[in-house]
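Participant: Residue numbers (this note's numbering), protein chains in the order written: chain A, 440 to 838; chain B, 358 to 664. Glycine residues also receive a C-beta, built at the ideal position from the N, C-alpha and C atoms.
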């Protein structure tokens with residue numbers, strides 16, 4: 440789930456009324472046990488996914504607040520996709536103490552035995568996290584940080600009948616040919632097709648996956664382009680009528696372009712949580728747990744969610760949000776009313792099959808079957824021509 | 358040459374070993390290996406056997422009696438063949454871009470080399486100027502220009518034509534390649550052409566050669582090394598680009614670079630296949646470079662003859 444610099448311009452620059460003082464944090468937790476011990480942790484998070492000081496008055500800098508409170512040094516680095524995080528952890532080049540992947544990636548990391556079990560005694564603040572977002576599958580490996588879901592962003596001026604937005608079918612409607620944007624990553628794109636077909640997004644059934652792939656192939660001629668972050672630019676500029684994207688980002692886009700709206704199709708959609716975990720190889724597990732506990736402090740959770748504009752699973756922070764945000768149906772929809780399904784880690788063979796189908800969809804068309812022979816003949820002909828010319832020249836020289 | 362002074366090349370050789378030779382060997386190793394499942398008795402398992410064991414243990418909490426070992430395989434290289442159309446498509450687009458760069462760059466480099474020294478420096482700076490800006494930013498700017506409601510279509514709209522569909526086409530990808538790599542064509546051409554003395558051209562004219570004959574028999578042969586290195590410097594990065602096709606091709610025109618990117622940062626995370634595709638691409642580029650080298654060599658002989 441990618442984020443963009445645009446997020447900094449996000450609407451949710453709510454004016455915070457809470458003065459920052461040491462008493463803002465729980466007093467019955469021993470924050471200072473690492474003071475003076477030169478402790479250090481490496482935190483690896485999404486880009487634009489934590490509150491930082493941008494130089495405005497009242498800005499909250501999470502990392503320096505934590506360092507001030509605990510005396511632990513934080514090396515903070517960022518990634519752009521779950522897969523990038525996975526590749527980094529796999530290669531073993533760096534030791535991270537806290538990482539914040541999305542749920543299906545956590546499942547994969549657990550399956551491959553790459554995460555450490557958390558000791559909740561060191562993270563008492565986990566009690567604030569809404570039970571709905573804790574998944575027993577990921578217990579006791581992760582503590583949810585944010586959540587969100589996928590929906591359809593549409594341009595009101597380009598859609599005839601808002602009723603059509605109730606189904607993902609609209610993404611296959613010829614009426615909107617060349618006005619449709621689609622996810623440029625296999626998992627999210629397949630999810631839409633699978634929801635539309637009425638299958639589970641976590642299916643390993645080859646027939647169902649093939650059906651979904653066929654639909655995606657059918658859709659390709661009417662898709663304007665496959666995008667991730669480019670969606671901000673394209674929807675904001677009125678380039679397309681429809682795009683599926685993450686709810687938090689949709690609000691950012693709607694701020695930019697008032698013609699935009701957001702809808703959740705009835706067939707269901709993907710709900711995700713990004714959670715904090717400690718990977719194997721962590722240097723200082725206890726300090727890492729202290730960091731996670733700090734992130735679950737009400738004050739910290741509130742400031743972070745205000746900054747990143749996604750939805751918070753933190754019950755106390757939620758109560759302190761402005762009322763119009765609490766009642767905002769896009770940020771905090773009634774989860775009973777929309778059908779959602781989470782991504783789980785898929786078996787490796789299934790992931791490979793999906794990627795293979797996706798590559799085929801992305802590459803097959805537009806490639807003329809004549810291309811290969813033409814190219815080969817041209818290359819060979821060119822080589823032959825040069826050689827023949829050279830020998831002829833040589834003969835001439837000899838004469 | 359002084360024997361001692363050879364040591365001056367030491368730092369670069371060390372650099373090359375660490376950052377060129379070792380990674381190349383690693384790519385080779387990855388391309389020809391895979392993680393295969395083995396059971397307790399070190400017997401290699403087939404996919405079906407593995408699935409059967411997984412099913413058997415699915416209900417229990419016990420760990421699978423399966424260990425993964427790295428083994429030699431041809432599979433990666435063989436499975437690259439299904440992506441050959443993508444490779445040829447990339448090569449085709451890169452070839453068109455290279456040809457356009459040559460057609461645009463050649464006359465410019467020639468006339469530039471005939472300018473006064475001060476103007477030469479100015480033009481050279483103007484050519485380099487876009488490269489001072491970030492590559493990604495430049496490509497992003499083209500996206501805004503070419504879009505349906507972009508600047509170019511808006512200007513067309515003012516005179517009552519269009520809108521044209523420009524972005525998300527192969528043409529847009531070629532345009533992005535030409536724009537980004539044109540300086541790499543002009544600069545080597547220019548540096549070779551400044552070495553062509555005006556006397557040589559005048560001598561040809563004195564001997565009665567017309568301007569076309571001067572051009573084909575003197576200027577082109579003498580600038581051949583520049584043409585060869587210009588082609589290489591444009592074609593090689595163009596054939597392996599991935600960001601241009603993603604931004605300007607709308608993701609529908611997947612190039613070989615996108616495919617490699619997908620193997621490392623996609624859902625499937627398959628560095629073995631990624632390395633195999635890279636290896637095939639490398640061999641392919643090597644082939645293309647040997648063709649351009651012939652171009653170069655073929656004319657060194659001519660050069661000798663002429664002198």
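Between the alpha carbons of residue 522 (chain A) and residue 634 (chain B), how many angstroms are there, rounded?
Facilitator: Answer to the nearest angstrom: the Cα atoms are 19 angstroms apart.
Participant: Using the DSSP secondary-structure output, state which residues sit across from residue 436 (chain B) in a beta bridge.
Facilitator: According to DSSP, residue 436 (chain B) bridges with nothing at all.
Participant: Which residues bound the beta strand (DSSP E) around residue 773 (chain A)?
Facilitator: Per DSSP, residue 773 (chain A) belongs to no beta strand (DSSP E) and is neither H nor E.
Participant: If you draw a straight line from the alpha carbon of residue 557 (chain B) to that of residue 617 (chain A), how long is it in whole angstroms?
Facilitator: C-alpha separation (whole angstroms): 57 angstroms.
Participant: Below 7 angstroms between beta carbons is the criterion; list the residues of the segment 626 to 646 of chain A that meet it against any residue of chain B, in chain order.
Facilitator: Residues 626.
Participant: Does any residue of chain B have a CB that is nearer than 7 angstroms to the CB of residue 687 (chain A)?
Facilitator: Chain B contact via Cβ: absent.
Participant: Give the secondary structure of residue 619 (chain A) by DSSP, where H, G and I count as helix, E and B as strand, and everything else as coil.
Facilitator: Note: residue 619 (chain A) maps to strand in three-state DSSP.
Participant: Which of helix, strand or coil does DSSP assign to residue 715 (chain A)?
Facilitator: The answer is strand: DSSP assigns residue 715 (chain A) an E or B state.
Participant: Who are the near neighbours of residue 796 (chain A) in its chain, counting only those whose CB is closer than 6 angstroms to its CB and skipping five residues on each side?
Facilitator: Excluding sequence neighbours, residue 796 (chain A) sits near 652.
Participant: State the DSSP-derived secondary structure class of residue 608 (chain A), mapped to helix, strand or coil.
Facilitator: It is helical.
Participant: Can you pull the chain A neighbours of residue 504 (chain B), defined as C-beta to C-beta under 8 angstroms?
Facilitator: The contacting residues are 673, 676, 678.
Participant: Is it right to say residue 565 (chain B) is buried, meaning 16 or more other beta carbons lie within 10 angstroms of its own, or is it exposed?
Facilitator: So residue 565 (chain B) ends up on the exposed side.
Participant: Taking 7 angstroms as the CB-CB limit, is residue 825 (chain A) close to chain B?
Facilitator: It does; some Cβ of chain B falls within 7 angstroms.
Participant: CB-CB under 6 angstroms to residue 501 (chain B), same chain, minus the five flanking residues each way: which ones, in chain order?
Facilitator: Only 507 meet the Cβ criterion.
Participant: Among A:800, A:829, A:830, A:701, which residue has its Cα nearest to the Cα of residue 628 (chain A)?
Facilitator: Of the candidates A:800, A:829, A:830, A:701, the one whose C-alpha sits nearest the C-alpha of residue 628 (chain A) is A:800.
Participant: Given this structure, state the Cα-to-Cα distance separating residue 395 (chain B) from residue 699 (chain A), to the nearest angstrom.
Facilitator: Each residue's alpha carbon lies about 54 angstroms from the other.
Participant: Using a Cβ-Cβ cut-off of 7 angstroms, state whether residue 646 (chain B) counts as contacting chain A.
Facilitator: Not one chain A Cβ lies under 7 angstroms of residue 646 (chain B).
Participant: Using CA coordinates, which residue listed in A:545, A:646, A:658, A:792 is at the minimum distance from residue 631 (chain A)?
Facilitator: For residue 631 (chain A), the nearest C-alpha among the options comes from A:658.
Participant: Is there at least one Cβ from chain B nearer than 7 angstroms to residue 594 (chain A)'s Cβ?
Facilitator: Taking Cβ atoms only, chain B never reaches closer than 7 angstroms to residue 594 (chain A), which makes this a no.
Participant: To the nearest angstrom, report how far apart residue 804 (chain A) and residue 591 (chain A) are at their CA atoms.
Facilitator: Note that residue 804 (chain A) has pLDDT 49, beneath the 50 cutoff, so the model's placement of it is unreliable and the number below is only indicative. So the alpha carbons of these two residues sit roughly 26 angstroms apart.
Participant: Looking at C-alpha atoms only, which residue of B:644, B:459, B:370 is the closest neighbour of residue 581 (chain B)?
Facilitator: With distances taken between Cα atoms, residue 581 (chain B) lies closest to B:459.
Participant: For a contact meaning CB atoms closer than 9 angstroms, what does residue 391 (chain B) contact in chain A?
Facilitator: By Cβ distance, chain A contributes nothing, its closest Cβ being about 12 angstroms from residue 391 (chain B), past 9 angstroms.
Participant: Buried or exposed for residue 831 (chain A), please, with buried defined as at least 16 other CB atoms from any protein chain shown within 10 angstroms of its CB.
Facilitator: Label assigned to residue 831 (chain A): exposed.
Participant: Pull the bridge partners of residue 603 (chain A) from the DSSP assignment, please.
Facilitator: Answer is none; residue 603 (chain A) lacks a bridge partner.
Participant: Closer than 7 angstroms by C-beta to residue 572 (chain A): which residues in its own chain qualify, once you throw out the five before and the five after it? Chain order, please.
Facilitator: Excluding positions up to five away in sequence, the list reads 583, 586, 712, 752.
Participant: Span of the alpha helix (DSSP H) holding residue 410 (chain B)?
Facilitator: Segment 404 to 414, the alpha helix (DSSP H) holding residue 410 (chain B).
Participant: Does the beta carbon of residue 322 (chain B) sit closer than 7 angstroms to a beta carbon anywhere in chain A?
Facilitator: A question about residue 322 (chain B) goes unanswered here, because the residues of chain B that appear run from 358 up to 664.
Participant: May I ask you to verify whether the segment 520 to 532 of chain B touches the segment 449 to 469 of chain B, counting CB pairs closer than 8 angstroms and requiring at least 3?
Facilitator: The segment 520 to 532 of chain B vs the segment 449 to 469 of chain B: in contact.
Participant: Taking 7 angstroms as the CB-CB limit, is residue 656 (chain A) close to chain B?
Facilitator: Cβ-Cβ to chain B under 7 angstroms: no for residue 656 (chain A).
Participant: Please name the residue, chosen from A:670, A:789, A:578, A:837, that lies closest to residue 646 (chain A) on a Cα-to-Cα basis.
Facilitator: For residue 646 (chain A), the nearest C-alpha among the options comes from A:789.
Participant: Assuming residue 699 (chain A) is part of the beta strand (DSSP E), what are its boundary residues?
Facilitator: Run containing residue 699 (chain A): 699 to 702, per the beta strand (DSSP E) assignment.
Participant: With a threshold of 16 other CB atoms inside 10 Å of the CB of residue 514 (chain B), please say whether the residue is buried or exposed.
Facilitator: By the 10 Å Cβ count, residue 514 (chain B) comes out exposed.
Participant: According to a CB-to-CB cut-off of less than 8 angstroms, which residues of the segment 522 to 542 of chain A neighbour chain B?
Facilitator: Listed by position along the chain: 522, 523, 525, 526, 529.
Participant: Can you list, in chain order, the residues of its chain whose CB lies under 6 angstroms from that of residue 547 (chain A), leaving out five sequence neighbours each side?
Facilitator: Contacts found: 784.
Participant: Chain B beta carbons: is any one of them nearer than 7 angstroms to that of residue 822 (chain A)?
Facilitator: Yes, residue 822 (chain A) counts as interfacial toward chain B.
Participant: Please name the residue, chosen from A:707, A:725, A:718, that lies closest to residue 534 (chain A) on a Cα-to-Cα basis.
Facilitator: Measuring from the Cα of residue 534 (chain A), the nearest candidate turns out to be A:718.
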